[in-house]
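In the order they appear, the protein sequences are chains A and B.
Residue 290 in my numbering sits at position 17 of the first sequence; the count goes up by one each step and never skips.
Residue 219 in my numbering sits at position 233 of the second sequence; the count goes up by one each step and never skips.
Yeah, the Cβ is synthetic: ideal placement off N, Cα and C, and Gly gets one too.
Take a look at the structure set out below.
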Amino acid sequence: MTRALHSEPASALEERHPPAIAQVGVAGVRQQRDGDFAPEDFALAIRDATKRWQKRQAPILDGLELTLKPSSLTWVGGPNGAGKTTMLRIAAGLIDPDRGSVEVWGLTPRQNRARFQQLVSFLPAGDRGLYARLTVRKQLEFCARIAMLPRARFRRSVEQAIDSFDLHELADRRVDRISMGQRQRLRIAMTFLPRPEVVLLDEPLTSLDGDGATLLHEAIDELLTRDGAVLWCSPSGEQLDMRFDARWHLDHGRLVSV
Amino acid sequence: MSELASSMQAFTAVMRRDLHVYLSYRTRLFSQLLTSLFSLTLFYYVSRLVHLRGFDSPSVYFAFVVVGLALVSVMYSCFLIPEYVRQELVAGTFDRLVLSPFGAVRGVIAMSVFPLILSFVMAVFTIALGCAVFGLHLHWATVPLAIPAIGLALLAFLPFGLLFAALTLVIKQGNVGTSWLIALMALTGGVYFPISVLPSWLEQVSRLQPFTPATGVLRHLLVDSPEAGALGPALLKLSAFAAVLLPLSILILTKAIRLGQRRATILEY
């Protein structure tokens, strides 16, 4: 897998990022300050995230810290029930940590909800999250609409998703009439459709065939070349044909470098 | 494009999604139309059997019931919202709304629009069928005024659906209490008989809910009815229900979603 860091004019950055981020500028986003990154320099920053399901039980996440730099692909593994999905749900702004915070380009899901959700896209594990009786195209259109894409980008985004994930033959078929692998390809297409800055993937290879996996790799490449970041979670032991910038193992609620 | 325009597009997208899903069940519309026809037929013959004080003829009672039946379907559609929310939770599609810039609160409100429009169409069909098949006489001069009146009634009923949707998000059951509430509102709202026949304490209960003024307003505008009541106070009451309950229900729905996010139960079902 190849990828290249490339710079782009500030106007393009402004187009993609909210003004608060755009003000930081390309240099600001990438620049390392005093040996440490400023909050807005990270695509995603999870700070001191702690989550406990029951008061007397050990926390599933225990002061977890994770930062994703722009143009980075990070893997987090761990056994079943280690807390990977919980971490992703917190990172996506779906649930709150008991303690700690999540920021995407300095924005939090509670203070800047809509902006935050424009920047982040989450692929949950499993095969849920689809409307069984809608066609693939209608599903993508719905996804584009609730992502509140500008009218000018709407059609193009849907067609691009169909192209990028090779969904032409499936476009007019109902979701309950396509295979599990095809559904997974659609779910991934929906994840990348709004051109998010940060993509959170929970076991994305589930049911995917080789072609589907290649399409996913290409989509990740494209995201990384425009300074996006990807957090990929899957159980330890899964064979992954990817070059990750960082690999972590989730152990007793904390991340351990692999 | 402005935020408002994007929101409107997302709102429309939810409606269109619900329309596509509805149309994908090809016999559903036919079945609903048939149910409406059967109800009208039943009450047409009941109106020939019963004689109520204040109703000069069977036709007057039939007109009274037709308007009640039409409005019940509108009210019922509001109480479908919690069931739709539960279906979204079970299908795992609710998190898509929560994680979208559009958001879950607007998503749930948007979810209510298609059933409301459909129920409005069904209400019109019921009344039209009453006219075409059973000889119902309408006040054609004031029929156009019934449209905004139904709109106002919808705004007064909608908060109940949103409140039960909020309850669904918290306790994960869609139909707890809705069936008895629908029955209570229909009973005390004067759908099948005038509220004057109720015991006085129950008659007082009927004044505490929006269904009673809604039926009164519509009967006033559409048919000859001895129990229609005065138009002004009924409209005022409906407006008050909508003005107070709608923002309150949206606030409670917002709090329910946030509670689910804090307790991490938002996706449980």
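By the Cβ rule, the segment 168 to 175 of chain B counts as touching the segment 54 to 63 of chain B, because three or more pairs are nearer than 8 Å. The segment 116 to 134 of chain B makes no contact with the segment 64 to 83 of chain B; the number of CB pairs closer than 8 Å stays below 3. Taking the beta carbon of ILE419/A as reference, the chain B residues within 8 Å of it are ALA(-4), ALA(-1), VAL0, ARG82, LEU83, SER86, PRO87, PHE88, GLY93, listed in sequence order.
Secondary-structure assignment with DSSP links GLU376/A through a beta bridge to ALA318/A.
For the pair PRO352/A and ALA398/A, the Cα-to-Cα distance works out to about 15 Å. At a C-beta separation below 7 Å, GLY510/A has no neighbours in chain B, since its nearest C-beta there lies roughly 26 Å away.
CYS506/A has VAL349/A, ASP475/A as its beta-bridge partners, per DSSP. Taking a Cβ-Cβ cut-off of 9 Å, the neighbours of GLY78/B in chain A comprise PRO397, GLY399, ASP400, ARG401, GLY402, LEU403, given in sequence order.
In the three-state scheme derived from DSSP, where H, G and I count as helix and E and B as strand, TRP326/A is classed as coil. The three-state secondary structure of THR358/A, taken from DSSP, is helix. For ALA250/B, the closest Cβ of chain A is nearer than 8 Å. Note: HIS522/A is bridge-paired with GLY350/A, VAL529/A in the DSSP secondary-structure output. Within chain A, the residues placing a beta-carbon under 8 Å from that of ARG3/B are TYR404, LEU407, LYS411, PHE415, ordered along the chain. Under DSSP, the beta-bridge partners assigned to LEU396/A are LEU474/A.
DSSP, read as helix, strand or coil, puts ASP482/A in coil. For ASP436/A, there is no enclosing beta strand (DSSP E); the residue is part of the alpha helix (DSSP H) that begins and ends at 424 to 437.
Check the Cα spacing between GLY501/A and each of LYS324/A, ARG426/A, LEU346/A: the tightest is with LEU346/A. The Cβ-Cβ distance between GLY526/A and ASP335/A falls below 8 Å. DSSP places LEU337/A inside the beta strand (DSSP E), whose first and last residues are 334 to 341. Taken through DSSP and simplified to helix, strand or coil, ARG446/A comes out as coil. Excluding sequence positions up to five before and after GLY366/A, its CB lies within less than 6 Å of the CB of PRO382, PHE389, all in the same chain and listed in chain order.
Checking the DSSP bridge columns, you'll see THR408/A partnered with ARG447/A.
Shown here is that no member of the segment 138 to 160 of chain B has a Cβ falling below 9 Å from a Cβ of chain A. Residues of chain A whose Cβ lies closer than 9 Å to the Cβ of VAL7/B are, in chain order, TYR404, ALA405, ARG406, LEU407.
The straight-line gap separating the alpha-carbon atoms of GLN384/A and LYS241/B is approximately 15 Å. At the C-beta level, SER33/B and VAL51/B come within 8 Å of one another. Between PHE197/B and the set LEU149/B, LEU144/B, LEU234/B, the nearest pair of CA atoms involves LEU144/B. With respect to the 8 Å criterion, ALA96/B and VAL7/B are not classified as neighbours on the basis of their beta carbons. By the neighbour-count criterion, in which a residue is buried when 16 or more other Cβ atoms sit within 10 angstroms of its Cβ, LYS328/A is exposed. Here the segment 122 to 129 of chain B does not lie against the segment 183 to 203 of chain B, with fewer than 3 beta-carbon pairs under 8 Å apart.
DSSP places ILE67/B in the uninterrupted alpha helix (DSSP H) bounded by 67 to 77.
In this structure, VAL448/A keeps its C-beta atom at 8 Å or more from the C-beta atom of GLN391/A. Under the 8 Å criterion on CB atoms, GLY526/A is classed as non-interfacial with respect to chain B.
By the CB criterion at 8 Å, GLY373/A and THR323/A fall inside the cutoff.
Any Cβ of chain B closer than 8 Å to the Cβ of GLN390/A would place that residue at the interface, and such an atom is present. Under the Cβ distance rule, SER43/B does not count among the residues neighbouring chain A, no pair being separated by less than 8 Å.
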